[in-house]
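Here numbering that gives the first Met the number 0 is used: position 20 in the sequence shown is 19, and no number is missing along the way.
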Amino acid sequence: MKKLNRRQFLGSTAAIVAFTPSILIANRSAVAGDAARVDPNDPQAKALSYVHESPKADNLCTNCQLYQGAADAAWGLCAIFPGKQVAGGGWCSAWVKKAG
Ligand code: SF4
């Protein structure tokens, strides 16, 4: 195996650090877009009374602290349902007002 000198090592490390965030962001977007949508009939969704259309006008997934999608996104990931998308206009009993 070829040994790297200090300069080569630091250059390689800088390149990895520089590109990692863009890879993670691109990967997260791909994961979010490809993720299955939560089925309101799933046991966990039922336990939390999750619905695709919120019965509460001011309590929507898009203004919930646990929503991970864009504020104007129709669907996005949610921390309560790992790897699955919830409707931006949805709601569940775990709703917590987004800070700020
Ligand atoms: S915790 Fe409930 S209300 Fe909040 S984003 Fe997830 S599904 Fe929507």
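Using N, Cα and C, we set each Cβ at its ideal position, and we do this for glycine too.
{"Check": "When you compare only the Cα positions, how much space is there between residue 78 and residue 66?", "Outcome": "7 angstroms"}
{"Check": "Residues in its own chain within less than 8 angstroms of residue 45 by CB, not counting five upstream and five downstream?", "Outcome": "39"}
{"Check": "Could you give the uninterrupted runs of the alpha helix (DSSP H) lying entirely in the stretch 30–97, keeping only those of 4 residues or more?", "Outcome": "42–46"}
{"Check": "Taking the alpha-carbon of residue 92 as reference, which of 47, 35, 36 has the nearest alpha-carbon?", "Outcome": "47"}
{"Check": "Report all residues from its chain with a CB closer than 6 angstroms to the CB of residue 73; omit the five preceding and five following residues, and keep chain order.", "Outcome": "87"}
{"Check": "Quick check: the Cα distance between residue 29 and residue 55, rounded to an integer number of angstroms?", "Outcome": "Only weak support is given to the placement of residue 29: the predicted model assigns it a pLDDT of 48, under 50, and the question is left unresolved by the model."}
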